[in-house]
Structure formats: structure tokens, C-alpha cells
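Heads up: take any position in the sequence shown, counting from 1, add 3, and you land on my numbering. Each residue gets a CB set at the ideal place from its N, CA and C atoms; glycine is no exception. Below: one structure, written as C-alpha cells.
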Amino acid sequence: MRHGSCLCGAVTFTVEGKPRDVLLCHCTQCRRTSGHFWAAAGADHGTLTVTKDESLVWFQSSAKARRGFCGQCGSSLFWEEFGGDHISFAAGALDGPTGLQVIGEWHLADAGDYYTQPKPAPDALDCGCLCGSVQFQVPGPAGDVTACHCTQCRKYSGHYAASFDVDESAVQWVAKGALREFTSAGGGQRGFCGKCGSGLYFRKPGQEFNIEAGCVKGPSGGRLTAHIFVADKGDYYTISDGLPQHQGDLPLA
4 MRHGSCLCGA VTFTVEGKPR DVLLCHCTQC RRTSGHFWAA AGADHGTLTV
54 TKDESLVWFQ SSAKARRGFC GQCGSSLFWE EFGGDHISFA AGALDGPTGL
104 QVIGEWHLAD AGDYYTQPKP APDALDCGCL CGSVQFQVPG PAGDVTACHC
154 TQCRKYSGHY AASFDVDESA VQWVAKGALR EFTSAGGGQR GFCGKCGSGL
204 YFRKPGQEFN IEAGCVKGPS GGRLTAHIFV ADKGDYYTIS DGLPQHQGDL
254 PLA
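Right, dumping it as C-alpha cells:
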């Protein structure tokens, strides 16, 4: 039996038997909610049991499906099609060795632009959650995008995070009625939409402010440049893009 949870532990679940292997989904919805792209494992109904649901929130993301997230910490956890025979769950939410592997990627046409040579980006980047309850602008282009594989980002995003730095004073808020923040171990604060669960930003102690690259609407002008905390990465995927990999944080300049 496999065990999983959100970042804060308010939502936990178990999966009996071997889950379905992992599909990496780059669709706009998964990009917005996870802040990057989502790693979806799967289980038949009856084999996945939510054992603690005190903060589980369901958001109907389309006419055919809903997404489950933790309303306390914002972790992206589940995707379920109405009338379907299985439920998808975040591979990154599993505790310990998963025994899973990535078997494919889809919706690549919707993928973020920061994996390849950056496209021209406007001077102001429109950002926001999936449902539109939280919207803001930051200066563009995004520039360097860093992929973080730490345990916190894995639990929170459901896979791993990808973000870029901005000056928080330059953020121009358009709508923030559903904005929630969660303070994680170490004092960092994660901002997310309390209605749809989309991950939006991370405020590090010392006021460094990181925007989740997946919340940018349209070209970001960013480029993935490095992977950090790879010692904590999930066991179900490999990193093969040739970019620098660091066991911990980026080395000091």
C-alpha cells in the first residue's frame, strides 16, 4: 500500500496495489493549478482512499471533471472525471519510493514557453489562477526560470516547481479576493487561490519573491536554466535536459 499527503498533512490518502504509471500533463489547466505541469498517476475507484479530508476542496474545472486540492496549504492532489472509473492523483504527493515511472507526456501544445528559446514577451506579464479569482501583473520578461525538486515543492505542486524572481513591490494586483497564503517549514509563504487551488508565488524568508512560471498567461520570455534540490526529487522521473543540477540551492554568486 502506498501513502500520500499534501504539504501540510491536512489531506492524506492511500492507494492499494500498484497505481497506473505517470503521465505528464502540460494542458493549460494543469499548468495553472500546479504552477508548472502536472505528474498524474492513476488508481481505480475503490483502490484510492482519502484517509483525512479536513481541508480537501473540490473545484469543478470543466464540464466533465473536478480537481481536488488542500484548502490549507494549496497542494494540488487529484483530478477526477465525472462518471469515470478511476481518479488521477499527484505522483509527487506520494511518500517514500513510488515504484512508478513516466510513460508519456501530452498536451504539449499548451506547454510553457520557458523550455525552449524564449518567445518575445511584453514588458508586463499577465498572471493569474485557473478560475480568474486572483489576477496580477509583473514586469516582463521572466528571464531565468529555476526548477525546484525539493520535498516541499514536490508535495505542493504534485511534481516539481518552476519559478522566476521578481521584486514584490513591482507586483500590480488586479484581483485578490480568493488569495490565500500558507507558511511552510522554514518560514516561506506560498500564495495560492483558495477557490481553484492554483499555485501562484513563493515568498522566501528575507523577502525574495518567486512567481510560479505556469501562472503566466501567454509568452513569459523565460528560459529554464537550472535544477535545484535534485537530491529530493521524485523517483519516477529523470532529468535529461542537460541543464546544471544542484543537490541543494543555487550556489551563491
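Relative to the Cα of Asp113, the nearest Cα in the group Cys218, Asp238, Asp129 belongs to Cys218.
Excluding sequence positions up to five before and after Ala68, its CB lies within less than 7 Å of the CB of Trp82, Glu83, Glu84, Phe85, all in the same chain and listed in chain order. CA-to-CA, the gap between His230 and Cys28 works out to about 20 Å. Measuring C-alpha to C-alpha distances from Glu184 to each of Gln75, Arg5, Tyr159, Pro22 identifies Gln75 as the nearest. For the region 126-186, the continuous alpha helix (DSSP H) assignments of 4+ residues that do not extend past its boundaries occur at 154-160, in sequence order. In this structure, DSSP gives Ala93 an extended state, which the three-state scheme calls strand.
Counting along the chain, the unbroken alpha helix (DSSP H) around Cys33 starts and ends at 31-37. Looking at Arg5, Phe232, Tyr159, the one whose alpha-carbon comes closest to that of Phe16 is Arg5. Secondary structure in the region 13-91: the alpha helix (DSSP H) runs of 4 residues or longer, each lying completely within the stretch, are 31-37 in chain order.
Per DSSP, the continuous beta strand (DSSP E) segment holding His230 begins and ends at 225-231.
In this structure, Ser187 and Leu59 do not form a Cβ contact; the two beta carbons are roughly 19 Å apart against a cut-off of 8 Å. For the pair of segments examined, the region 223-239 was found to touch the region 141-160: the number of CB pairs separated by less than 8 Å reaches three.
Beyond the five residues adjoining it in sequence on each side, Ser64 comes within less than 6 Å, by CB distance, of Gln32, Arg70 in the same chain, given in chain order. With respect to Ala216, Val148 sits close: the two C-beta atoms are nearer than 7 Å.
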